[in-house]
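K.L.:
Can you read through this structure? Questions will come right after.
Protein chains: 2
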Amino acid sequence: MGRLVQKFGGATVADLSRIRKAAEIAVKQASEGHEVVAVVSAMGRSSDHLKSLANELTDQPNARELDMLLATGEQVSGALMSMAIQSLGWQARSFTGSQAGIVTEHRHGMAGIRDVHPEAIEACLARGEIAVVAGFQGITDNYEITTLGPGGSDTTAVALTAALAAERCDIYSDVRGVFTADPHIVSNARCLPALSYEEMLEITSSGTDLLSPSSLELALDTHIPIRVRASHRPEDLGTLITHKWVAPDYAICAVAVDRNHASLTLTTTTPGAQTLEGVSNLFTRLQELNISTDMMMLLAREDEPSQELALTVDRRAIARVKTIIESLSESLGQPKVTFDTTSARISVIGRHLTSRTDIVAGVFETLHAASIPVQLVATSDMRVTVLLPNHHAGEAVRLIHNRFKLADGTFAGL
Amino acid sequence: MGRLVQKFGGATVADLSRIRKAAEIAVKQASEGHEVVAVVSAMGRSSDHLKSLANELTDQPNARELDMLLATGEQVSGALMSMAIQSLGWQARSFTGSQAGIVTEHRHGMAGIRDVHPEAIEACLARGEIAVVAGFQGITDNYEITTLGPGGSDTTAVALTAALAAERCDIYSDVRGVFTADPHIVSNARCLPALSYEEMLEITSSGTDLLSPSSLELALDTHIPIRVRASHRPEDLGTLITHKWVAPDYAICAVAVDRNHASLTLTTTTPGAQTLEGVSNLFTRLQELNISTDMMMLLAREDEPSQELALTVDRRAIARVKTIIESLSESLGQPKVTFDTTSARISVIGRHLTSRTDIVAGVFETLHAASIPVQLVATSDMRVTVLLPNHHAGEAVRLIHNRFKLADGTFAGL
């Protein structure tokens, strides 16, 4: 029996009864002989509550103070989780990120983990206790409290798994695993027993927030096996994510839908006014502000006095993107700017898709047959993404899921 | 202009509008040229909420985990206070107890401050920022988070005042200062402009929880002037507490009422069975558990087969006191035990009262004339305390306040 790191997401510690359930899972593994480290998120929506307090006080809360504020959320659930474990008769001890030795860079709200000093956790495990660690947070060399950004508790869990040389990291949420499509949309969607890191990265970057991309990248780099599973069905094994590709010969493993992006179009009618330098500056600024873009398309028609730049951005970043575009307006040819928030990104995730034009063709054929318009397309070796009207999204996912026979698990592709 | 420490109690940071008000007070002092350290309590009843979560999980929450849980309360109000100050255009920085250098002994829930390392606060003040410190908490040499027990934020504030050699510690609450009696009971009660530490200690130990006794003792030892004042009336100077006695020749400064005590009577009819050793053991155990007692009375009648021990204890400790008595039952003569929670302690606070039997006589005379029964009496050089039925408490305070002319400020005594 080895070491296990378990991460309990916000939904699994949303109230005291769920914290008890999570505690039972930790104690069960410990009583079976494992050394257990439980990483906890803040309770349910408590972080949103704290954020709203800050936003009520000031439009732009100071990043350092916001970290001081938000870090309390995981400390609360950690202490309660520890008490719940103790009430089940097992020894436990909670740790702040600082006490757990999570050392980060000095970058509030989005700090990367620089180092883990797990000595206190090691000592706790050596005493036979369950170590409960507040996720999402760390401390700088100057004793400043930092937070790790969205999905930060996943990153804490994976980093601890690596630092403690634990055998696996179990990510508990209220979802049973990774499905071939959202079961709320596709009734016969299937839970995938296993996936490779690369496949999971594509799935998460396509709108499924089961696991933060940065934690997955860390797992990939450090060879940490991850199991995505549900705390209300602890007997289910969920989805195991490792280096191993599921089936070497399959084409498609899942269809994902993402409603968090907006499409943005910049149109200028002054020929040559939208300079490549302007476009380049735009992307540099987006990168600096950590605003991810996808589905970029640049149309420069030689025969018409019109240039068009289209891309998708996270909806929450729209205001910031507008500011950037205004500041670059001249070099972008003083464009007409339109944001469309009524679209959804549908992604088909698989392998070697660039060499499988039949898959791309199949996606188009399916959508065309159902008269669903496609606004933008982006393809890569692991993903075909189409942007289409949101009200068609559910139908599109169902049709594609069916077309590629994802429910029967043959990974046939066609 | 020197340094000031300001402590904002739970009621003064209970919601965002009050936090803004507190921030205005801090910024006003800073803009007048003071270096300002603001120590904050948890917001309103938020600590009670956290405690109730712990108690719902387990009957006896682990003391270490309870400290981990409760310490978040002051961290939250500190971060919000800091943001509120920043939104007023002043620089601010919040600190946990640990970051503020508050080093305590390793005693959860009731840790004493062992040392203060104020270097980070000094650096913050040197940069012209307002330092906001989470009260009530500290850290041990082993990086364990501790809390300081009831009134702990007062202690944090006074300890920082001493460590930073600040000129004064202002304690802000929703009360305008120390009154000759509770203004809710006595309409013409007067706010005392000044008091000595010793007088204030007697007043606080008589049921007025404006300031924690341990913080007052620390102020007395370190010669820290304290001003008790209201955050909603920042222009009022409140009550200044120093080494100086108010008026060398006065007899009485205030009447206090305390409804938090229960009277406890142990009666045994076996002569000689209630041994002094038993009584001594009882007090040793109470001391060990930090349960304070007052108004002790031991009646041993030679001519009757009955012994009676009467004392008052904090009502919240009744269950624990019962357990102690049961464990000592034999050496206490297997006594009949009665708790009375319908009494109030009325205390007359003054100076040299043991040499002023006329004061004691005046108290009895006043109560007797109004047919108010007295159940127990205790006197010391600074205090005459009577235990009487709670439903007479208001009347008793008004009559005594009137009898000694406390409203007209002559301190005449008689």
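So the sequence lines, in the order shown, correspond to chains A and B. Position 371 of the first sequence, counted from 1, bears residue number 371 in my numbering, the numbering being contiguous throughout. Position 144 of the second sequence, counted from 1, bears residue number 144 in my numbering, the numbering being contiguous throughout. Ideal Cβ positions, reconstructed from N, Cα and C, are used throughout, including at glycine.
Three or more C-beta pairs closer than 8 Å, one from the region 159-175 of chain A and one from the region 30-42 of chain A: is that the case here?
P.N.:
yes
K.L.:
Tell me M297 (chain A)'s beta-bridge partners as DSSP assigns them.
P.N.:
In the first sequence, the residue the question calls residue 297 (chain A) occupies position 297. Residue pairing from DSSP places M297 (chain A) in a beta bridge opposite A:A310.
K.L.:
Looking only at its chain, what residues have a beta carbon closer than 8 Å to the beta carbon of G151 (chain A), apart from the 5 residues adjacent to it on each side?
P.N.:
The residue you call residue 151 (chain A) lines up with position 151 of the first sequence. So the list reads D209, L211, S212, P213, S214 and S215, once near-sequence residues are dropped.
K.L.:
Output the distance between the C-alpha atoms of D236 (chain B) and G78 (chain B), rounded to the nearest integer angstrom.
P.N.:
What you label residue 236 (chain B) is simply residue 236 of the second sequence in a count that begins at 1. What you label residue 78 (chain B) is simply residue 78 of the second sequence in a count that begins at 1. Rounded to whole angstroms, the separation of the alpha carbons of G78 (chain B) and D236 (chain B) is 25 Å.
K.L.:
Which class does L240 (chain B) belong to by DSSP, given the choice of helix, strand or coil?
P.N.:
Here residue 240 (chain B) refers to the residue found at position 240 of the second sequence. If DSSP states are grouped into helix, strand and coil, L240 (chain B) belongs with the strands.
K.L.:
So S327 (chain B) is in the alpha helix (DSSP H); what residue range does that whole segment cover?
P.N.:
Residue 327 (chain B) sits at position 327 when you count from the first residue of the second sequence. Under the DSSP assignment, S327 (chain B) falls in the alpha helix (DSSP H) whose first and last residues are I318 to S327.
K.L.:
Starting from the beta carbon of Q99 (chain A), find every residue of chain B whose beta carbon is closer than 7 Å, and list them in chain order.
P.N.:
Position 99 of the first sequence, counted from the first residue, corresponds to residue 99 (chain A). Here the neighbours are Y143.
K.L.:
Count Cβ pairs between the region 311-329 of chain A and the region 253-268 of chain A that sit closer than 8 Å; are there 3 or more?
P.N.:
yes
K.L.:
Using a 10 Å radius around the Cβ and a threshold of 16 neighbouring Cβ atoms, would you call T354 (chain B) buried or exposed?
P.N.:
Locating residue 354 (chain B) in the second sequence gives position 354, where the first residue counts as 1. Its Cβ having fewer than 16 others within 10 Å, T354 (chain B) is exposed.
K.L.:
Whose C-alpha, out of B:A219, B:D59 and B:A361, is nearest the C-alpha of T155 (chain B)?
P.N.:
Looking up residue 155 (chain B) in the second sequence gives position 155. Checked all of B:A219, B:D59 and B:A361; the closest Cα to T155 (chain B) is B:A219.
K.L.:
Can you tell which of A:T12, A:G2, A:R3 and A:M1 has the C-alpha that lies nearest to the C-alpha of P234 (chain A)?
P.N.:
Your numbering for residue 234 (chain A) matches position 234 in the first sequence. Ranking A:T12, A:G2, A:R3 and A:M1 by Cα distance to P234 (chain A) puts A:T12 first.
K.L.:
Please list, in chain order, the residues of the region 119-135 of chain B that have any C-beta partner in chain A closer than 7 Å.
P.N.:
none
K.L.:
Name the chain A residues that come within less than 9 Å of T72 (chain B), Cβ to Cβ?
P.N.:
For this step, residue 72 (chain B) is matched to residue 72 along the second sequence. Correct list: A71, T72, G73, Q75, V76 and A79.
K.L.:
Can you tell me which of the three DSSP states T96 (chain B) falls into?
P.N.:
On the second sequence, position 96 is the one that residue 96 (chain B) refers to. Note: T96 (chain B) maps to coil in three-state DSSP.
K.L.:
Cα separation between T204 (chain A) and D170 (chain B)?
P.N.:
As a working mapping, residue 204 (chain A) is identified with position 204 in the first sequence. As a working mapping, residue 170 (chain B) is identified with position 170 in the second sequence. When only Cα atoms are considered, T204 (chain A) and D170 (chain B) end up about 53 Å apart.
K.L.:
Please list, in chain order, all residues of the same chain as W90 (chain B) whose beta carbon is under 7 Å from its beta carbon, the five residues on each side excluded.
P.N.:
Along the second sequence, read from residue 1 onward, the residue named residue 90 (chain B) stands at position 90. Cβ within range, chain order: V27, A30 and I130.
K.L.:
Rounded to a whole number of angstroms, what is the C-alpha to C-alpha distance between K244 (chain A) and S196 (chain A)?
P.N.:
The residue you call residue 244 (chain A) lines up with position 244 of the first sequence. The residue you call residue 196 (chain A) lines up with position 196 of the first sequence. Rounded to the nearest angstrom, the two C-alpha atoms are 5 Å apart.
K.L.:
Can you pull out the residues from the region 375-397 of chain A whose beta carbon lies closer than 9 Å to at least one beta carbon of chain B?
P.N.:
Answer set for the region 375-397 of chain A: empty.
K.L.:
Is there a Cβ of chain B sitting closer than 7 Å to that of S347 (chain A), yes or no?
P.N.:
Your numbering for residue 347 (chain A) matches position 347 in the first sequence. No, S347 (chain A) lies away from the interface with chain B (no Cβ there is under 7 Å from its Cβ).
K.L.:
In whole angstroms, what separates the C-alpha of A230 (chain A) from that of F339 (chain B)?
P.N.:
Along the first sequence, read from residue 1 onward, the residue named residue 230 (chain A) stands at position 230. Along the second sequence, read from residue 1 onward, the residue named residue 339 (chain B) stands at position 339. Each residue's Cα considered, the two are about 51 Å apart.
K.L.:
Establish whether the CB of E24 (chain A) and some CB of chain B are separated by less than 7 Å.
P.N.:
As a working mapping, residue 24 (chain A) is identified with position 24 in the first sequence. Judged by the 7 Å Cβ criterion, E24 (chain A) is not in contact with chain B.
K.L.:
Alpha carbon to alpha carbon, what distance is there between G97 (chain A) and V158 (chain A)?
P.N.:
Your numbering for residue 158 (chain A) matches position 158 in the first sequence. Your numbering for residue 97 (chain A) matches position 97 in the first sequence. Those two C-alpha atoms are separated by around 14 Å.
K.L.:
Taking C-beta to C-beta, are I145 (chain A) and D67 (chain A) nearer than 7 Å?
P.N.:
Taking the first sequence and counting its residues from 1, the one referred to as residue 145 (chain A) is at position 145. Taking the first sequence and counting its residues from 1, the one referred to as residue 67 (chain A) is at position 67. Their beta carbons are under 7 Å apart, which means I145 (chain A) touches D67 (chain A) by this criterion.
K.L.:
Would S187 (chain B) pass as a contact of G9 (chain B) if the rule is Cβ separation under 7 Å?
P.N.:
Taking the second sequence and counting its residues from 1, one reaches residue 187 (chain B) at position 187. Taking the second sequence and counting its residues from 1, one reaches residue 9 (chain B) at position 9. Contact flag unset, no.
K.L.:
Check whether the Cβ of M295 (chain B) lies closer than 7 Å to any Cβ atom in chain A.
P.N.:
Here residue 295 (chain B) refers to the residue found at position 295 of the second sequence. No, M295 (chain B) does not count as interfacial toward chain A.
K.L.:
Please list, in chain order, the residues of the region 27-60 of chain A that have any C-beta partner in chain B closer than 8 Å.
P.N.:
Under the 8 Å Cβ criterion, the region 27-60 of chain A contributes L50, L53, A54, E56, L57 and T58.
K.L.:
Roughly how far, in whole angstroms, is the beta-carbon of I372 (chain B) from the beta-carbon of H401 (chain B), given that I think they are within contact range, below 8 Å?
P.N.:
Taking the first residue of the second sequence as position 1, residue 372 (chain B) is located at position 372. Taking the first residue of the second sequence as position 1, residue 401 (chain B) is located at position 401. Actually they do not touch by this definition, with Cβ atoms about 14 Å apart.
K.L.:
In whole angstroms, what separates the C-alpha of R114 (chain B) from that of L148 (chain B)?
P.N.:
Along the second sequence, one-based indexing puts residue 114 (chain B) at 114. Along the second sequence, one-based indexing puts residue 148 (chain B) at 148. Cα-Cα distance, rounded: 11 Å.
K.L.:
Output yes if chain A places a C-beta closer than 7 Å to the C-beta of S94 (chain B); else output no.
P.N.:
Here residue 94 (chain B) refers to the residue found at position 94 when the second sequence is read from its first residue. Closer than 7 Å: yes.
K.L.:
Look at L69 (chain A) and V76 (chain B) and say whether their C-beta atoms are less than 7 Å apart.
P.N.:
For the purposes of this step, residue 69 (chain A) is identified with residue 69 of the first sequence, where counting begins at 1. For the purposes of this step, residue 76 (chain B) is identified with residue 76 of the second sequence, where counting begins at 1. Contact: yes.
K.L.:
Quick one: what's K336 (chain A) bridged to in DSSP?
P.N.:
As a working mapping, residue 336 (chain A) is identified with position 336 in the first sequence. Paired residues: A:T267.
K.L.:
Ends of the alpha helix (DSSP H) at R403 (chain A)?
P.N.:
The residue labelled residue 403 (chain A) in the question sits at position 403 within the first sequence. Per DSSP, R403 (chain A) belongs to the alpha helix (DSSP H) from A393 to R403.
K.L.:
Let me know if S94 (chain A) comes out buried or exposed under the rule of 16 or more other beta-carbons within 10 Å of its beta-carbon.
P.N.:
In the first sequence, residue 94 (chain A) corresponds to position 94, counting from 1. Classification for S94 (chain A): buried.
K.L.:
Would you please verify whether the beta carbon of N62 (chain A) is less than 7 Å from any beta carbon of chain B?
P.N.:
Against the first sequence, residue 62 (chain A) aligns to sequence position 62. Put simply, the CB of N62 (chain A) is near chain B, with a gap under 7 Å to one of its CB atoms.
K.L.:
In three-state DSSP terms, what is F411 (chain A)?
P.N.:
Here residue 411 (chain A) is taken as the residue at index 411 of the first sequence, counted from 1. Per-residue confidence for F411 (chain A) stands at a pLDDT of 49, beneath the threshold of 50, marking its modelled position as unreliable; the derived number appears in the next sentence. F411 (chain A) falls in the coil class under three-state DSSP.
K.L.:
Would you kindly work out how many angstroms separate the C-alpha atoms of I102 (chain A) and G33 (chain B), rounded to a whole number?
P.N.:
Stepping through the first sequence from its first residue, residue 102 (chain A) is reached at position 102. Stepping through the second sequence from its first residue, residue 33 (chain B) is reached at position 33. Their backbone Cα atoms lie some 39 Å apart in a straight line.
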